[in-house]
Amino acid sequence: MAPLDWLWRVKWHAIAGATALSVVLTIWMVLRAPADDRPAWVQWIEGRSRNVMVRNHVDAKMFLYVFGGILLALNVLAAAAYHVGQFGDALNPGILLHAAMWVWFVADYFLFERVQLYTFDIIEEGVGFKLIVGCIVVYPCLYPVVLWGTAGLPAPEIDPQLTVLWLGGAAVVFLAGWVITRGANLQKYVFKRWPERAFLGFMKPATVSDGRKTLLVSGFWGMSRHSNYLGEILEALGMALAIGHFANAWTWVYFVYLTGFFIVRERIDDRRCAGKYGELWTEYRAKVRHRLVPGIY
16 MAPLDWLWRV KWHAIAGATA LSVVLTIWMV LRAPADDRPA WVQWIEGRSR
66 NVMVRNHVDA KMFLYVFGGI LLALNVLAAA AYHVGQFGDA LNPGILLHAA
116 MWVWFVADYF LFERVQLYTF DIIEEGVGFK LIVGCIVVYP CLYPVVLWGT
166 AGLPAPEIDP QLTVLWLGGA AVVFLAGWVI TRGANLQKYV FKRWPERAFL
216 GFMKPATVSD GRKTLLVSGF WGMSRHSNYL GEILEALGMA LAIGHFANAW
266 TWVYFVYLTG FFIVRERIDD RRCAGKYGEL WTEYRAKVRH RLVPGIY
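Laid out in structure tokens, this is it:
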């Protein structure tokens, strides 16, 4: 039987193997579909098919997301097991909290899996190298990058009297982010399925419409144009704070990466939506003025 920290100890081999597997799967997924008129390199990166069924039973896109999520949880738990094995009773409780946050993150994704079927990634993204390497390498192996530089560190030198404030504060920030992200995604899901229904029984939908398309401008989607992105950034901040090694650069890698990623992605989404909705998007931006952070940005 493999030790509990085995995945942690072989992480570099796992990343190399996952990258090779991503290349093989990309070749298979791209070549099985006919070529289109886009540049060849775009077809390889973004894929030729949005929806791929394997043997008419397995949705390739959902399988990749599920595989990545399960492996992410296992990698995080292996890192936590390594830390416990190294330090025993002198362990850093923040590492365990950080790992618990990741397990919560993955469990939440699976619990609300139906909601994910209504997200841009599932509806619009093609099955190419970007999605495959994202699900097999980036998501499970690189997202827990903070642990690369902190799982081998002892507990931070924080006054024991401040431990509850430190860990409790990190948990509050994380849970606040979760409430915003999950609330925003659920509200959008409810609106798409039942446009007239009040979310949670009291958030009545307010909208802008051109007669053909309708956009939600109330509740979480009245706070900012991408409150779901803001929530994930707060979750990442809570994860960083949980580590406790505030002066260690590794602690902040995921938070900084995710913040930059969503700032760029929001701009890309804005251009895409402007092209898709036209004047309706201009009206929407006038109603919801802030991109990510209400009142600030």
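Take any residue in the sequence shown, note its place counting from 1, add 15, and you have its number in our numbering. Note that beta-carbon positions come from the ideal geometry of N, C-alpha and C, so glycine has one too. Only a predicted model underlies this, so the values are computations on that prediction, with no experimental measurement involved.
Could you give the distance in angstroms between the alpha-carbon of residue i and the alpha-carbon of residue j?
i, j, result
"arginine 63", "glycine 275", "28 Å"
"glutamate 87", "leucine 112", "Note that residue 87 is leucine in the sequence shown, not glutamate. So the alpha carbons of these two residues sit roughly 16 Å apart."
"phenylalanine 270", "alanine 251", "5 Å"
"glutamate 61", "leucine 180", "45 Å"
"glutamate 281", "tyrosine 244", "8 Å"
"histidine 241", "leucine 157", "24 Å"
"leucine 46", "glycine 164", "39 Å"
"valine 25", "lysine 219", "51 Å"
"proline 309", "arginine 300", "13 Å"
"methionine 254", "valine 81", "22 Å"
"alanine 93", "leucine 201", "31 Å"
"tyrosine 312", "serine 233", "18 Å"
"methionine 44", "glutamate 172", "50 Å"
"valine 121", "arginine 227", "36 Å"
"arginine 65", "proline 155", "22 Å"
"asparagine 191", "phenylalanine 206", "First, the amino acid is wrong: residue 191 is alanine here, not asparagine. For alanine 191 and phenylalanine 206, the distance between alpha carbons rounds to 22 Å."
"threonine 178", "tryptophan 209", "45 Å"
"tryptophan 236", "tryptophan 59", "34 Å"
"tyrosine 204", "glycine 183", "31 Å"
"isoleucine 30", "valine 118", "20 Å"
"alanine 105", "glycine 259", "14 Å"
"arginine 286", "proline 18", "49 Å"
"valine 57", "alanine 50", "11 Å"
"leucine 215", "valine 38", "44 Å"
"methionine 16", "leucine 22", "13 Å"
"valine 279", "lysine 302", "22 Å"
"isoleucine 137", "glycine 198", "19 Å"
Return the bridge partner residues of residue i from the DSSP annotation.
i, result
"phenylalanine 214", "Met218"
"serine 224", "Thr229"
"methionine 68", "Asp74"
Is DSSP giving residue i helix, strand or coil here?
i, result
"serine 239", "coil"
"histidine 98", "helix"
"leucine 168", "coil"
"proline 175", "helix"
"tyrosine 312", "coil"
"alanine 50", "coil"
"leucine 79", "helix"
"alanine 105", "helix"
"leucine 360", "A query on residue 360 cannot be resolved here, the shown segment of the chain reaching from 16 to 312 and no further."
"methionine 254", "helix"
"glycine 84", "helix"
"arginine 9", "The structure shown does not extend to residue 9, since the chain spans only 16 to 312, so no value can be given for it."
"leucine 89", "helix"
"leucine 22", "helix"
"glycine 246", "helix"
"leucine 162", "helix"
The alpha helix (DSSP H) spanning residue i covers which residue range?
i, result
"leucine 132", "That residue, leucine 132, is in no alpha helix (DSSP H); it is neither H nor E in DSSP."
"glycine 290", "264 to 292"
"phenylalanine 120", "108 to 126"
"tryptophan 43", "26 to 46"
"alanine 185", "178 to 208"
"isoleucine 60", "55 to 61"
Does the CB of residue i have a neighbour CB from chain B at under 9 Å?
i, result
"glutamate 128", "Any reference to chain B falls outside this structure, which holds one protein chain only."
Could I get the ranges of all uninterrupted alpha helix (DSSP H) runs contained in the region 133 to 158, with 4 residues as the minimum, in chain order?
135 to 139 and 144 to 148
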